[in-house]
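Student: Note that this note's numbering gives residue 220 to position 18 of the sequence shown, counting from 1, and the numbers run on in steps of one.
Built from N, CA and C at the ideal position, the CB exists for glycine as well.
Just dropping this structure here.
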Amino acid sequence: MRRLPRPWAALALCGLALLTTLPAGALAATAPLDDATVEARLRKVATELRCLVCQNQTIADSQSGLAQDLRDEARALIRRGASDDEVRHYMTERYGDFVLYRPPVKPTTWLLWAAPALLAAAGAVLLALTLRRRARLPADAFEPDPELPEASP
Numbered sequence: 203m204r205r206l207p208r209p210w211a212a213l214a215l216c217g218l219a220l221l222t223t224l225p226a227g228a229l230a231a232t233a234p235l236d237d238a239t240v241e242a243r244l245r246k247v248a249t250e251l252r253c254l255v256c257q258n259q260t261i262a263d264s265q266s267g268l269a270q271d272l273r274d275e276a277r278a279l280i281r282r283g284a285s286d287d288e289v290r291h292y293m294t295e296r297y298g299d300f301v302l303y304r305p306p307v308k309p310t311t312w313l314l315w316a317a318p319a320l321l322a323a324a325g326a327v328l329l330a331l332t333l334r335r336r337a338r339l340p341a342d343a344f345e346p347d348p349e350l351p352e353a354s355p
């Protein structure tokens with residue numbers, strides 16, 4: 203029987219090792235759905251928690267590693283009997299109010315909640331001032347001046 207040269211044997215062995223790890227990685231990425239009620243509660247809580255890595259995504263929508271870790275952590279808490287509020291409280295204690303998609307109204311977040319109304323009011327005031335200033339201008343202010351030469355194209 204003819205023997206394979208050593209470099210080919212080593213390459214074949216490495217390829218076989220890589221092929222055997224692919225299914226293991228796929229299994230590790232998704233945890234088994236053993237309890238439908240746990241998964242339903244997890245989905246509900248996960249839509250209320252922000253991914254700390256991704257821009258404006260919940261941990262339910264994000265595919266980042268941290269989001270997967272947070273989902274796993276929330277799943278473990280739910281399996282241990284924690285309520286949805288306890289899961290949110292745990293995440294808030296660990297990561298701060300930023301992890302909540304709807305942060306609570308308290309003195310540290312008043313500006314966050316009031317900013318849209320303040321910006322809308324400032325825009326309304328600027329619009330009113332601009333319209334009032336325009337109303338004071340004479341009607342012929344927008345007519346072209348006959349003494350100026352016309353611009354040629």
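What did DSSP end up calling R282 once you bin it into helix, strand or coil?
Tutor: Coil at R282, not helix or strand.
Student: Per the contact definition of three or more C-beta pairs closer than 8 angstroms, is the region 290-302 in contact with the region 239-256?
Tutor: yes
Student: Assign A339 to one of three DSSP states: helix, strand, or coil.
Tutor: A small correction: the amino acid at residue 339 is Leu; Ala does not occupy that position in the sequence shown. Residue state, collapsed to three classes: coil.
Student: Taking L244 as part of the alpha helix (DSSP H), name the residues at either end of that continuous run.
Tutor: 238-248
Student: Check this for me: beta carbons of I280 and L272, under 7 angstroms apart or not?
Tutor: no
Student: In whole angstroms, what is the alpha-carbon distance linking G267 and A326?
Tutor: 44 angstroms
Student: Please state the DSSP three-state secondary structure of R252.
Tutor: strand
Student: In whole angstroms, give me the CA-to-CA distance for R243 and A324.
Tutor: 42 angstroms
Student: Using only CA atoms, which one of T332, Y297, P309, R277 lies nearest to C253?
Tutor: Y297
Student: Less than 8 angstroms between C-beta atoms, sequence neighbours within five positions excluded: which residues of the same chain meet that for D299?
Tutor: P305, P306, T310, T311
Student: Whole angstroms are fine: how far does the CA of E345 sit from the CA of P351?
Tutor: 14 angstroms
Student: Can you check whether the CB of L251 is closer than 7 angstroms to the CB of V301?
Tutor: yes
Student: Please state whether the Cβ-Cβ distance between V289 and A276 is less than 7 angstroms.
Tutor: The answer is yes: Cβ separation under 7 angstroms.
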